[in-house]
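Student: Line order of the protein sequences matches chains A and B.
Count along the first sequence from 1, then add 98; that gives the number in the numbering used here.
Count along the second sequence from 1, then add 1; that gives the number in the numbering used here.
Glycine included, every Cβ here is placed at the ideal spot set by N, Cα and C.
A single structure is presented below for examination.
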Amino acid sequence: MMNPQSCVKIQKEWDIVGARQLGRELAKEIGFGTVDQARIATAISELARNIYLYANHGEIRYEIIQVPEHKAGLCLIAEDEGPGISDISQVMKDGYTTSGGLGAGLPGVKRLMDEFEIHTEVERGTRIRTIKWLR
Amino acid sequence: MENFFKERAEEYKKLLAEYIETQDEKALYEVELVSKAFIKHNILPEEIINLHIKALKEIYPDLVVSYEHSMDFLLEAMISYGLAHQEIQVLREQQIALKSEISIAAEMQQKLLRTNKPEVPGVDIGVISVPANQMNGDYYNFLLNTDGSIGIAMADVIGKGIPAALCMSMIKYSLDSFPEETMRPPVILNNLNRVVERNVESNMFITMMYAQYFPNSGRLAFSSAGHEPGYYYNAVEDRFTEITTRGLVLGVSEDAEYEEKELLINKDDMVILLTDGVTECRDGERFIEIHEVLEVIKQYSHLSSQEMVEQVYKHFERLQDFKLQDDFSLLILRKTV
Chain A
99 MMNPQSCVKI QKEWDIVGAR QLGRELAKEI GFGTVDQARI ATAISELARN
149 IYLYANHGEI RYEIIQVPEH KAGLCLIAED EGPGISDISQ VMKDGYTTSG
199 GLGAGLPGVK RLMDEFEIHT EVERGTRIRT IKWLR
Chain B
2 MENFFKERAE EYKKLLAEYI ETQDEKALYE VELVSKAFIK HNILPEEIIN
52 LHIKALKEIY PDLVVSYEHS MDFLLEAMIS YGLAHQEIQV LREQQIALKS
102 EISIAAEMQQ KLLRTNKPEV PGVDIGVISV PANQMNGDYY NFLLNTDGSI
152 GIAMADVIGK GIPAALCMSM IKYSLDSFPE ETMRPPVILN NLNRVVERNV
202 ESNMFITMMY AQYFPNSGRL AFSSAGHEPG YYYNAVEDRF TEITTRGLVL
252 GVSEDAEYEE KELLINKDDM VILLTDGVTE CRDGERFIEI HEVLEVIKQY
302 SHLSSQEMVE QVYKHFERLQ DFKLQDDFSL LILRKTV
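Structure (structure tokens):
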């Protein structure tokens, strides 16, 4: 069962804070502990910053996933209609962004979360879907 | 894993309480051990801070709220460190894998570039070539021609590491493919120059000394393509003379011309070919002088050529504290009859 989606538009740097805020509230609601809340917030930061820096605008959507008697989790979808990524394998490599001080980058998001999927098309945009499961 | 963390968490709490009570060094030492165990199990910094917060709350149930918030703040600040730590971990593993791949490549290079030292009566040849890093940018090669002459190439790629090493394989296969009638030193350098000029990026150059020795007559013909000068040792006069010719390094210009010179060698005379890794050895901060190299060679001249080059290498290896700055290659040919 999925709850109705929540969504935060990313247009200015300040929106990143709002996106983190909502993500943390939802994470708390689902029952994530302090460490995982912080990890989810950091992952949202990375996703939102990518949108802000490279695509100018886009959005982050949130879905609470509840599988009855099974597990719960938080799904984040970051979507933009920006320039896209021409070489995904390059940006998914460790050492690509952190060395330049740009932050944890997409490998960082992948580490902070449990599941990670990326679809991107040059000049069309990028869509990243990532899930953190409650353990 | 879960169990490990729970046990250590208990221990951490106990040590923390003990330290707050006593400020005892023993607790600090023990937490050092706990910390090492955490590192070994890839526990991230934010988890340790979380553990600290929980332990503190258990020891002080009525902890000041503002202090608690400050700890949450610290935890948040550590998330990125945790990520950076994980990334470095992965990069380290990749580096180990890469190193082992390079050492396989280095072995392969040695096999590819293997050349047999000719055993010809009346000639005693010794040669050593040691790379500064894993892959060797120096190269020597012997060719035994049907007219009984011995062709000797001594080369150095300007530039180090893997690209230099790959470049040398090309030189070897070019040398092997030349028809024998072209085997005069200037002709060989001319041909190699064209190969290098056409196939190698313009930022890579090769220097080479090519010598052709006729054991029956004792005649030595040689040509240099911008290579470190060699030396001729006259046994009767007990004197070293520099041997070199004019000629551009390989790969610079298509129309480079190579000069040829000749020497007549008598019994106990020596011809020494080397690369700049020998002449540019360092003694502390100081580059050694060539006469020091020649002195050392003379010091071991009672030995066979092979023992000589090995002893000279050991001498300079020791002088440089066993850390070579550059690939080291030294070849000695001595007429024994």
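1) Evaluate asparagine 191 of chain B with the Cβ neighbour count: other Cβ atoms within 10 Å of its Cβ, from every protein chain shown; 16 or more gives buried, anything less gives exposed.
2) Which chain B residues sit within Cβ distance under 7 Å of glycine 206 of chain A?
3) Which class does serine 197 of chain A belong to by DSSP, given the choice of helix, strand or coil?
4) So, helix, strand or coil for leucine 145 of chain B, using DSSP?
5) So is valine 65 of chain B buried or exposed if we call it buried at 16+ other beta carbons inside 10 Å?
6) Which word fits threonine 23 of chain B, buried or exposed, when buried means at least 16 other C-beta atoms lie within 10 angstroms of its C-beta?
7) For asparagine 51 of chain B, which residues in chain A fall below 7 Å Cβ to Cβ?
8) Using C-beta distances below 6 Å, list every residue in its chain close to glycine 180 of chain A, excluding the 5 sequence neighbours before and after it, in chain order.
9) Just how far apart, CA to CA, sit glutamate 221 of chain A and glycine 182 of chain A?
10) Alpha carbons only, please: which of B:Ile207, B:Ile21 and B:Leu52 is nearest the one belonging to glycine 131 of chain A?
11) Restricting to runs no shorter than 4 residues, where is the alpha helix (DSSP H) found entirely within the stretch 221-300 of chain B?
12) Straight-line CA distance for lysine 41 of chain B to alanine 85 of chain B?
13) For chain B, check one thing: does any of its Cβ atoms lie closer than 8 Å to the Cβ of aspartate 212 of chain A?
14) Glycine 182 of chain A versus chain B: which residues are under 8 Å apart at the beta carbon?
15) Could one say the Cβ of glutamate 48 of chain B lies closer than 8 Å to chain A's Cβ atoms, at least one of them?
16) Alpha carbons only, please: which of A:Arg227, A:Ala170, A:Pro166 and A:Ser104 is nearest the one belonging to isoleucine 128 of chain A?
17) Assign serine 197 of chain A to buried or exposed, taking buried as 16 or more other Cβ atoms, counted over all protein chains shown, within 10 Å of its Cβ.
18) Would the stretch 88-104 of chain B and the stretch 231-250 of chain B be scored as touching if the rule is three or more Cβ pairs under 8 Å?
19) List the DSSP bridge partners of cysteine 173 of chain A.
20) Within the 8 Å Cβ cut-off, does arginine 137 of chain A reach chain B?
21) Decide if proline 62 of chain B is buried, meaning its Cβ has at least 16 other Cβ atoms within 10 Å, or exposed.
22) List the residues of chain A that leucine 17 of chain B touches, going by C-beta distances under 8 Å, in chain order.
23) At a CB-CB cut-off below 8 Å, which residues of chain A make contact with glutamine 87 of chain B?
24) Are the CB atoms of glutamate 260 of chain B and serine 224 of chain B nearer to each other than 8 Å?
Tutor: Looking at the atomic coordinates:
1) buried
2) Neighbours of glycine 206 of chain A on chain B, chain order: Leu84.
3) Any reading at serine 197 of chain A must be qualified, since the residue scores a pLDDT of 47, below 50, and its modelled position is unreliable; no value is offered.
4) Reduced to three states, the DSSP call for leucine 145 of chain B is strand.
5) exposed
6) Under this definition threonine 23 of chain B is an exposed residue.
7) Thr132 and Val133
8) Tyr152, Ala153 and Gly223
9) 6 Å
10) B:Leu52
11) 277-280 and 291-300
12) 16 Å
13) Taking Cβ atoms only, chain B never reaches closer than 8 Å to aspartate 212 of chain A, which makes this a no.
14) The premise fails here: glycine 182 of chain A is roughly 24 Å from chain B at the closest Cβ pair, so nothing lies under 8 Å.
15) yes
16) A:Ala170
17) Annotation note: pLDDT 47 at serine 197 of chain A (below 50); position unreliable, no value reported.
18) The stretch 88-104 of chain B makes no contact with the stretch 231-250 of chain B; the number of CB pairs closer than 8 Å stays below 3.
19) Cysteine 173 of chain A is bridged to A:Glu161 and A:Ile229.
20) yes
21) exposed
22) Neighbours of leucine 17 of chain B on chain A: none; closest Cβ ~18 Å, over 8 Å.
23) Those within 8 Å of glutamine 87 of chain B in chain A are Arg209.
24) Closer than 8 Å, so yes.
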